[in-house]
Amino acid sequence: MIKRLTVLAALSLPLLAVAHDNQKNPEIRYRHAVMEAMSNQVAAMGLILQNKVDRGNEMQVNARALAESATLIGGLFPESSKGADALPLIWDEPEKVAAAAKSAVEATAAFAEIAATGNKADIAKGFKAVADACKGCHERYKAEDD
Ligand code: HEC
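Here the sequence shown stands for residues 0 to 145, numbered as in numbering that gives the first Met the number 0.
Here's what the structure looks like:
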């Protein structure tokens, strides 16, 4: 039993050390903060879209906030921020990453305009385009896509 615990501890210590390092790196924390902010905005809009809350008139506020945050994506991966769930590939192909970031900027900007029209079918379509832009980048550059 003790032996098994020791082995477990030895195995998990390096992992903990990595997690700790990531937490200490302010650039990684900043990236996570911005990504989480966008994710929360998407979650808020999802609740509106599914009619779980009657806040259709607030869709565009969330959409504008998301579009603003998305303009930061391209700058979230400085060399000093290697690690966490960002795959090393993201630092090997800056042009593709810039294109993926641009897609997200464009999809979110388009969505902010669509959200202002209040047209439900267009809003659902635009929302999907936003989700696809996030997902497309995660599939290629993020470990453990969820
Ligand atoms: C240019 C590529 C790219 C785009 C576009 C992108 N992401 Fe990410 N995202 C990543 C990468 C890479 C990670 C892993 C970063 C890390 O672990 O440091 C990540 C991580 C995240 C995380 C986890 C953050 C954490 O605390 O671990 C969330 C949530 C997230 N993204 C949401 C979004 C949303 C929502 C969008 C679209 C509006 C989006 N992302 C667009 C590349 C992208």
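Glycine included, every Cβ here is placed at the ideal spot set by N, Cα and C.
What distance in whole Å lies between the Cβ atoms of residue j and residue i, which are believed to be in contact at a cut-off of 8 Å?
i: G135; j: A83; result: 19 Å between Cβ atoms; not a contact.
i: N61; j: A32; result: Their Cβ separation, rounded to whole angstroms, is 17 Å, which puts N61 and A32 out of contact at 8 Å.
i: Q40; j: L65; result: 4 Å
i: I122; j: M58; result: 7 Å
i: L86; j: Y140; result: 5 Å
i: A109; j: R63; result: No, A109 and R63 are not in contact; Cβ-Cβ is about 12 Å, not under 8 Å.
i: W90; j: K101; result: The pair is not a contact, with the Cβ atoms about 18 Å apart (cut-off 8 Å).
i: I72; j: A106; result: About 11 Å; that fails the 8 Å criterion.
Provide the residue span of the alpha helix (DSSP H) that contains residue i, from first to last.
i: P25; result: 25-48
i: K101; result: 93-116
i: S68; result: 58-69
i: G73; result: Looking at the DSSP string, G73 is not in any alpha helix (DSSP H), and its letter there is neither H nor E.
i: V129; result: 119-140
Does the Cβ of residue i have 16 or more other Cβ atoms within 10 Å, making it buried, or fewer, making it exposed?
i: G74; result: exposed
i: D144; result: Confidence at D144 is low in this model, with a pLDDT of 49, below 50, so the placement of that residue should be treated as unreliable; the coordinate-derived value is given next. Per the 10 Å Cβ criterion, exposed.
i: T70; result: exposed
i: T116; result: exposed
i: A130; result: exposed
i: C133; result: buried
i: A114; result: buried
i: S79; result: exposed
i: V96; result: buried
i: A142; result: exposed
i: G45; result: exposed
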